[in-house]
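Undergrad: Be aware that the sequence shown starts at 1, since it is given in the UniProt record's numbering, and climbs by one per residue. Just passing along the structure, written as C-alpha cells.
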Amino acid sequence: MKGFSKRLNEVQEYYFSQKLKEVNSLKAAGKPILNMGIGSPDLPPHPKVVKAICQAAINPSGHGYQGYQGIPKLREAFSDFYKEHYSVQLDPDGEILPLLGSKEGIMHVSMAFLDAGDQVLIPNPGYPTYSSVCKLLHVEPVYFDLLESQNWEPDFDALSKTDLSKVKLMWVNYPNMPTGAKASKVLFEKLIEFGREHEIIIVHDNPYSFILEENPISILKINGAMEVALELNSLSKTANMAGWRVGMIGGKKEWIQAITKVKSNMDSGMFLGIQEGAIAALHLEKDWYSKLNFEYRKRRELVWQLAEKLGLSYDPDAVGMFVWAKLPESINDLELVDKLLYEKSIFITPGRIFGSRGEGFVRFSLCVSTEIIQEAIDRII
Numbered sequence: 001m002k003g004f005s006k007r008l009n010e011v012q013e014y015y016f017s018q019k020l021k022e023v024n025s026l027k028a029a030g031k032p033i034l035n036m037g038i039g040s041p042d043l044p045p046h047p048k049v050v051k052a053i054c055q056a057a058i059n060p061s062g063h064g065y066q067g068y069q070g071i072p073k074l075r076e077a078f079s080d081f082y083k084e085h086y087s088v089q090l091d092p093d094g095e096i097l098p099l100l101g102s103k104e105g106i107m108h109v110s111m112a113f114l115d116a117g118d119q120v121l122i123p124n125p126g127y128p129t130y131s132s133v134c135k136l137l138h139v140e141p142v143y144f145d146l147l148e149s150q151n152w153e154p155d156f157d158a159l160s161k162t163d164l165s166k167v168k169l170m171w172v173n174y175p176n177m178p179t180g181a182k183a184s185k186v187l188f189e190k191l192i193e194f195g196r197e198h199e200i201i202i203v204h205d206n207p208y209s210f211i212l213e214e215n216p217i218s219i220l221k222i223n224g225a226m227e228v229a230l231e232l233n234s235l236s237k238t239a240n241m242a243g244w245r246v247g248m249i250g251g252k253k254e255w256i257q258a259i260t261k262v263k264s265n266m267d268s269g270m271f272l273g274i275q276e277g278a279i280a281a282l283h284l285e286k287d288w289y290s291k292l293n294f295e296y297r298k299r300r301e302l303v304w305q306l307a308e309k310l311g312l313s314y315d316p317d318a319v320g321m322f323v324w325a326k327l328p329e330s331i332n333d334l335e336l337v338d339k340l341l342y343e344k345s346i347f348i349t350p351g352r353i354f355g356s357r358g359e360g361f362v363r364f365s366l367c368v369s370t371e372i373i374q375e376a377i378d379r380i381i
C-alpha cells in the first residue's frame with residue numbers, strides 16, 4: 001500500500017465526528033450525557049410525509065435508479081414551494097436541481113466553478129464544511145470576519161479594499177449558523193451588488209429560513225440575483241427530514257447544468273420513496289411551521305434560562321435552530337465545554353470550531369426536548 005491521498009493532510013476529521021466518539025465513550029461508561037451540541041431535529045416529519053414514503057416503498061417498480069435531476073414532480077414541488085413561501089419563480093425544468101442533502105451541494109458547486117489556486121470568501125465564524133471542501137480541492141479560503149458589533153454581517157467596505165482578483169465565489173448563510181443573525185432584504189441587496197461589482201458568485205446557504213423566523217427570505221427574490229447568485233436549501237430542518245437527505249439548489253439554467261454535470265458523476269439519483277416524501281413535505285400547509293416554531297420557542301426560552309444560569313449572554317432577536325451565547329472574557333469556550341461535559345454530563349459546542357471569531361462563544365442546540373433542557377438547568381448549581 002502506497003499511502004493515502006495528500007489532500008487528507010489538508011483537513012481534519014469533522015469536529016462532531018471526533019467529539020461524539022468521546023461523548024459516546026462517556027455514555028458507555030454510564031455517564032448520563034445530555035447532548036445539546038448537535039443540530040439534528042429530534043421531532044418526526046409530518047405523518048403525510050411518512051405515509052408518502054411508505055406507499056412508494058411498496059411499489060415494486062419504485063426501487064430502481066432514478067434520474068440525476070429528480071422526478072419532474074419533485075422539481076415542480078420545489079418550484080411551488082419557492083413561489084408560495086419566498087415569492088420567487090423558478091423554472092422546474094432548468095433552474096432547480098434536487099440534491100442528496102444541501103451539504104453535498106457545497107462540494108458540487110465548488111467542483112463546478114473552482115480550480116486549484118482559485119480563492120473563495122468564507123465567513124468567520126461559519127459552517128466548517130465551506131473551508132474543508134476548499135482544502136480538499138486545493139482552493140484557497142479567504143476568511144472575512146462577521147462581528148457581533150456589525151450584526152454578524154460582512155464589512156463590505158473592508159472586503160472591497162481586499163485583493164479580490166482571484167476570488168470566484170463567496171459563501172453566505174442567513175439566518176446565520178452559528179450566530180442566528182437574521183436575513184434581510186437590505187443585506188441581500190448589498191451581497192448582490194458586491195457580487196456584481198467584483199464578478200463573484202454569491203452562494204447563499206439557506207436551510208434555517210423557517211426556524212423561529214416569521215418571514216422567510218430567499219436571496220433569489222432580489223432584483224438581479226439570478227445573474228450572480230445561487231441558493232442552497234434543505235428539508236432537514238424545515239420538515240424534520242435530516243436523515244432523509246433531501247435538498248436543492250436554485251439558480252440560472254447555465255449554472256444548474258454545470259452543477260448537474262458534476263452531480264451526475266457522483267451519485268445515481270435519489271430513492272423514489274424519498275422523493276415522494278419530499279413532495280409531501282413541500283406541500284405542507286403553513287400550520288406545520290407554526291406548530292414547529294411553537295415547540296422551538298418553548299425550548300429556546302429554557303435554553304436562555306440555562307445560558308443565564310451559566311453567566312452567558314445572548315441575542316433574544318436571533319433565530320434559527322441554535323442559541324449562540326457569549327462567555328465572559330475570563331472564560332475559555334473549550335474549557336467551558338469540557339467542564340460541562342465532564343462535571344455535569346452536558347455536551348454543548350465550542351464557538352471556535354466555526355472559526356477564530358467564534359472564540360468566546362458557545363452554541364446550544366434546540367434539537368432536544370424541554371425535559372432534557374430542564375434537566376440541564378437543574379444540574380447547574
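In this text, a Cβ means the ideal position worked out from N, Cα and C, and glycines have one as well.
Does the separation of the CB atoms of LEU169 and VAL120 fall below 9 Å?
TA: Yes. Within cutoff.
Undergrad: Out of ASP145, ARG245, GLN89 and ASN223, which one is the CA nearest neighbour of residue 402?
TA: Within the shown structure, residues of the chain are numbered from 1 to 381, placing residue 402 beyond reach of any answer.
Undergrad: Check whether the stretch 243 to 262 and the stretch 87 to 103 touch, using three or more Cβ-Cβ pairs below 8 Å as the test.
TA: Touching, yes, given that three or more Cβ pairs across the two stretches are closer than 8 Å.
Undergrad: To the nearest angstrom, how far is it from the Cα of ASP80 to the Cα of GLU301?
TA: If you take the alpha carbons of ASP80 and GLU301, they lie about 33 Å apart.
Undergrad: Helix, strand or coil: how does DSSP classify PRO47 here?
TA: Helix, per DSSP.
Undergrad: Pop quiz: MET36 and PHE361 are said to be a contact at Cβ under 8 Å. What is the actual Cβ separation, rounded to whole angstroms?
TA: That belief does not hold up - the Cβ atoms of MET36 and PHE361 are roughly 15 Å apart, past 8 Å.
Undergrad: Can you round the beta-carbon distance between PRO45 and ASN240 to whole angstroms, since I take them to be within the 8 Å contact cut?
TA: About 5 Å; that satisfies the 8 Å criterion.
Undergrad: To the nearest angstrom, how far is it from the Cα of ASP42 to the Cα of CYS367?
TA: Looking at the two C-alpha atoms, the distance is approximately 6 Å.
Undergrad: Excluding the 5 residues preceding and the 5 following HIS108 in the sequence, name in chain order all residues of the same chain whose CB lies nearer than 8 Å to its CB.
TA: Only LEU99, ILE249, ILE259, VAL262, LYS263 and MET266 meet the Cβ criterion.
Undergrad: Report the option in ILE373, GLU375, LEU164 and SER365 whose CA atom is closest to the CA atom of MET39.
TA: At residue 39 the sequence reads Gly, which differs from the Met that was named. Minimum Cα distance to GLY39 is reached at SER365.
Undergrad: Less than 6 Å between C-beta atoms, sequence neighbours within five positions excluded: which residues of the same chain meet that for residue 382?
TA: The structure shown does not extend to residue 382, since the chain is modelled only from 1 to 381, so the question has no answer here.
Undergrad: Taking the alpha helix (DSSP H) that LYS326 belongs to, which residues open and close that run?
TA: Run containing LYS326: none in the alpha helix (DSSP H); it sits in the beta strand (DSSP E), 322 to 326.
Undergrad: Per the DSSP calculation, SER313 is bridged to which residue(s)?
TA: Paired residue(s): LYS326.
Undergrad: Would DSSP call VAL203 helix, strand or coil?
TA: Three-state result, VAL203: strand.
Undergrad: Can you find a CB in chain B that lies within less than 9 Å of the CB of LYS190?
TA: Note that chain B does not occur in the displayed structure, where there is just one protein chain.
Undergrad: Among the residues of its own chain, which have a CB less than 7 Å from the CB of GLN305, if the five just before and after it don't count?
TA: For GLN305, where only same-chain residues beyond five positions count, the Cβ hits under 7 Å are ILE377.
Undergrad: How is the beta strand (DSSP E) around PHE156 delimited, first residue to last?
TA: Premise fails: PHE156 lies in the alpha helix (DSSP H), 156 to 160, not in any beta strand (DSSP E).
Undergrad: I'd like the ranges of any beta strand (DSSP E) spanning at least 3 consecutive residues and lying wholly in the stretch 186 to 231.
TA: Segments of the beta strand (DSSP E) lying fully in the stretch 186 to 231: 201 to 205.
Undergrad: Compute the Euclidean distance between the alpha carbons of VAL139 and PRO60, then round it to the nearest angstrom.
TA: If you take the alpha carbons of VAL139 and PRO60, they lie about 45 Å apart.
Undergrad: GLN66 and PHE271 look like a contact to me (Cβ under 8 Å); what is the Cβ gap, rounded to whole Å?
TA: Between PHE271 and GLN66 the Cβ distance is about 7 Å, and since that is below 8 Å, they are a contact.
Undergrad: With a threshold of 7 Å on Cβ separation, who are the neighbours of PRO350 within its own chain once the five nearest residues in sequence on each side are excluded?
TA: So the qualifying residues of the chain are ASP333, LEU334, VAL337 and VAL362.
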